[in-house]
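Undergrad:
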Amino acid sequence: MSQPNSRVFLVDDDEQVRCAISRLLRAAGYCVHSFDSAEVFFDRADLSSYPACLLLDLQMPGMTGLDVQHRLNGQVPIVFLTGRGDVTSSVDAMKAGALDFLIKPVRESVLLAAVDRALQFACKEFETQREHAELVGRVNQLTRREREVMALVLTGRLNKQVASDLGAAEKTIKIHRGRVMEKMRARSIVELIRLADKAGVHAADDQSPSR
Numbered sequence: 001m002s003q004p005n006s007r008v009f010l011v012d013d014d015e016q017v018r019c020a021i022s023r024l025l026r027a028a029g030y031c032v033h034s035f036d037s038a039e040v041f042f043d044r045a046d047l048s049s050y051p052a053c054l055l056l057d058l059q060m061p062g063m064t065g066l067d068v069q070h071r072l073n074g075q076v077p078i079v080f081l082t083g084r085g086d087v088t089s090s091v092d093a094m095k096a097g098a099l100d101f102l103i104k105p106v107r108e109s110v111l112l113a114a115v116d117r118a119l120q121f122a123c124k125e126f127e128t129q130r131e132h133a134e135l136v137g138r139v140n141q142l143t144r145r146e147r148e149v150m151a152l153v154l155t156g157r158l159n160k161q162v163a164s165d166l167g168a169a170e171k172t173i174k175i176h177r178g179r180v181m182e183k184m185r186a187r188s189i190v191e192l193i194r195l196a197d198k199a200g201v202h203a204a205d206d207q208s209p210s211r
């Protein structure tokens, strides 16, 4: 089943294979972009705007499939295609994170199932990354002082304790805390802790305050 707004990238130097697989995937409702070499793929493929998976030939002139996998470093899920039962390469590819390793010619049902699994994985990862980037954007809206206040609030300190730590008036800390909650769109401290954790911001008992 095609995932909304997703892409399937196909890299194979065999034109007949590219055409056959592209036709199959498009008939199944997938958006397919095919390339005859890894070099062209890296030059033209948009890997950041959509959830995507990669159908990748193992043995190609120039950059091999394993070379491509190494360069991508997990950026997109990969399903390897090969005309040979290369056990060593298969093990290497799976250890490096490939989702599947298929021997050509591949049964249509097997190929479609592999692509569907890869795109489901890609969509989940894409949404996670999008959410993280959005939360980091909220954190980046905080002033330096607001970040200091948030880091101390995350430890469970009360306003008067934060004020003492930062050498500021409790009233001022209350204002900063309110702005933190507003900018982070948190309705409670529990939610602020959850959002901060997802954004990679953690409580800090030894903040270096700015005066």
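Here UniProt numbering is used: position 39 in the sequence shown is 39, and no number is missing along the way.
Positions of the beta carbon are idealized from the N, C-alpha and C atoms, including for glycine.
Give every residue of the same chain whose Cβ lies closer than 6 Å to the Cβ of ASP100, excluding the five residues on either side of it in the sequence, and list them in chain order.
TA: For the purposes of this step, residue 100 is taken as residue 100 along the sequence shown, with counting starting at 1. Only VAL79 and ALA114 meet the Cβ criterion.
Undergrad: Exposed or buried, what is LEU58 when buried is set at 16 or more other beta-carbons lying within 10 Å of its beta-carbon?
TA: Your numbering for residue 58 matches position 58 in the sequence shown. The residue is buried, with at least 16 neighbouring Cβ atoms inside 10 Å.
Undergrad: Would you kindly check if the distance between the Cβ of VAL180 and the Cβ of GLU146 is under 8 Å?
TA: Working through the sequence shown from its first residue, we reach residue 146 at position 146. Working through the sequence shown from its first residue, we reach residue 180 at position 180. For GLU146 and VAL180, yes; Cβs fall inside 8 Å.
Undergrad: Who does SER34 pair with in a DSSP beta bridge?
TA: The residue you call residue 34 lines up with position 34 of the sequence shown. Answer is LEU10, bridged to SER34.
Undergrad: Assuming LEU55 contacts VAL8 under a Cβ cut-off of 8 Å, what Cβ separation, rounded to an integer in Å, is found between them?
TA: The residue labelled residue 55 in the question sits at position 55 within the sequence shown. The residue labelled residue 8 in the question sits at position 8 within the sequence shown. Yes, LEU55 and VAL8 are in contact; Cβ-Cβ is about 6 Å, under 8 Å.
Undergrad: How would you label CYS53, buried or exposed, when you count the other beta carbons within 10 angstroms and need 16 or more for buried?
TA: Counting from one through the sequence shown, the residue named residue 53 turns up at place 53. So CYS53 counts as buried.
Undergrad: Just reading off the beta strand (DSSP E) that LEU52 is part of, what are its end residues?
TA: The sequence position of residue 52 within the sequence shown is 52, counting from 1. Residue 52 is actually Ala in this sequence, not Leu. Its beta strand (DSSP E) spans residues 52-57.
Undergrad: Would you identify the three-state DSSP class for GLN16, choosing helix, strand or coil?
TA: For the purposes of this step, residue 16 is taken as the residue at position 16 of the sequence shown. It is helical.
Undergrad: Within the continuous alpha helix (DSSP H) that includes ASP165, where are the two ends?
TA: By 1-based counting over the sequence shown, the position of residue 165 is 165. Secondary structure note for ASP165: its alpha helix (DSSP H) is the uninterrupted segment 159-166.
Undergrad: Please check the pair ASP12 and LEU81, which I expect to be a contact at CB under 8 Å, by giving their CB distance rounded to whole angstroms.
TA: On the sequence shown, position 12 is the one that residue 12 refers to. On the sequence shown, position 81 is the one that residue 81 refers to. The pair is a contact, with the Cβ atoms about 7 Å apart (cut-off 8 Å).
Undergrad: Confirm, please, whether the CB-CB distance from VAL139 to ALA199 is below 8 Å.
TA: Position 199 of the sequence shown, counted from the start, is the residue given in the question as residue 199. Position 139 of the sequence shown, counted from the start, is the residue given in the question as residue 139. For ALA199 and VAL139, yes; Cβs fall inside 8 Å.
Undergrad: Relative to the C-alpha of VAL40, which candidate in ALA27, LEU10 and SER49 has its C-alpha closest?
TA: By one-based count along the sequence shown, residue 40 stands at place 40. Considering only alpha carbons, the answer is LEU10.
Undergrad: How big is the Cα-Cα spacing for SER188 and ALA196?
TA: On the sequence shown, residue 188 is found 188 positions in, with the first residue counted as 1. On the sequence shown, residue 196 is found 196 positions in, with the first residue counted as 1. Rounded to whole angstroms, SER188 to ALA196 spans 12 Å at the Cα level.
Undergrad: Should GLY74 be labelled buried (16 or more other beta-carbon atoms within 10 Å of its own) or exposed?
TA: Counted from its first residue, the sequence shown places residue 74 at position 74. Looking at its Cβ environment, which holds fewer than 16 other Cβ atoms inside 10 Å, GLY74 is exposed.
Undergrad: Give the secondary structure of ASP197 by DSSP, where H, G and I count as helix, E and B as strand, and everything else as coil.
TA: If you number the sequence shown from 1, residue 197 lands on position 197. In the structure shown, ASP197 sits in a helix (DSSP, three-state: H, G or I).
Undergrad: Curious, which full-length alpha helix (DSSP H) runs of at least 4 residues does the stretch 75-131 contain?
TA: With a minimum length of 4 residues, the continuous alpha helix (DSSP H) runs that stay inside the stretch 75-131 are 87-95.
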